[in-house]
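See below for the structure under consideration.
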Ligand code: MLT
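Residue numbers (this note's numbering): 1 to 266.
Structure, rendered in structure tokens:
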């Protein structure tokens, strides 16, 4: 799908008449992250997943881009598919996009699922870490970036005992072009802070976090829950940052339960 001058890899499945659910992956991964959720949802929901620009099979586009471009891309995907309102599910960077999209395009959001993410923008330490990531990319490309990211993306348990999960995550990162990873680092460093808007959210919200998430720990999730009216919190025991991949059964149970409880209105 060509959106905002970029070719995006988009996967849609499930009944056209089903409630639309859009899945936004984390950094630097791809729509494959959501395979366990796509399988669980597509029997009943209209599922849309895509590789963010510069990730997986989606091109990075011409020249520099801002975090807001990820938000424009989501709007473009929904417009192209003629989806008026969707449940927006975002993990980590996908959660940053979901939050900013809901702030900017409130009418297009039916409900929000925020997994292993936070509303705060990057502080100075995080910005300097992004600069370190750019150095690493220049020196060793996506392969070196994958090696260093795995340690923080996955729990110790998964790193030690789940070689298939490690291989899947490594494969997704290595499939991202260095230009896309670098673009995302710069874009994320420049994103806005959505914390001040959380208390104005007027749609149902589920917040999920892996107990062992080292990047956006449960404390970040709980801080959002304390501000979002009526939001629900589910912690995934033992899981790391990619809680949907480390424990798909627990993640899907929470997600399906939340979706089943949404009001019937379109
Ligand atoms: C992600 O998983 O999307 C990243 O860890 C987010 C970030 O680097 O801030």
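Every residue, glycine too, gets a C-beta built ideally from N, C-alpha and C.
Of the candidates 57, 106, 123, the residue whose Cα lies closest to the Cα of residue 8 is 57.
Secondary structure note for residue 218: its alpha helix (DSSP H) is the uninterrupted segment 218-227. Counting the other Cβ atoms within 10 Å of the Cβ of residue 210 gives 16 or more, which makes it buried. Per DSSP, the unbroken alpha helix (DSSP H) holding residue 163 starts and ends at 163-174.
In this structure the segment 170-186 lies against the segment 129-137, because at least three pairs of beta carbons, one per stretch, are closer than 8 Å. By a beta-carbon distance limit of 8 Å, residue 100 contacts residue 194. Their separation comes to about 6 Å. Here residue 110 is buried: its Cβ has 16 or more other Cβ atoms, across all protein chains shown, within 10 Å.
Within the same chain, and ignoring the five residues on either side of residue 214 in sequence, the residues whose Cβ sits closer than 6 Å to its Cβ are 152. Restricted to the segment 108-168, the alpha helix (DSSP H) segments that are unbroken, complete and at least 4 residues in length are 124-153, 156-161, listed in chain order.
Listed in chain order, the beta strand (DSSP E) elements of length 3 or more contained wholly in the segment 2-74 are 10-13, 20-24, 46-50.
In this model, residue 73 and residue 237 are separated by some 33 Å (Cα to Cα). Taking residue 6 as the centre and dropping the five residues before and after it, the same chain places the C-beta of 53, 59, 61 closer than 6 Å to its C-beta, in chain order. Taking the C-beta atoms as reference points, residue 116 is found no nearer than 9 Å to residue 142. Contact between residue 242 and residue 154 is confirmed by a C-beta separation of about 6 Å, below the 8 Å threshold. Going by beta carbons, residue 50 and residue 11 fall inside the 9 Å limit. Collapsing the DSSP output to three states places residue 262 in coil. Residue 261 has its CB no nearer than 8 Å to any heavy atom of the ligand MLT. Residue range 232-236 is occupied by the beta strand (DSSP E) that includes residue 236, with no alpha helix (DSSP H) assigned at that position. For residue 90, there is no enclosing alpha helix (DSSP H); the residue is found in the beta strand (DSSP E) stretching over 86-91.
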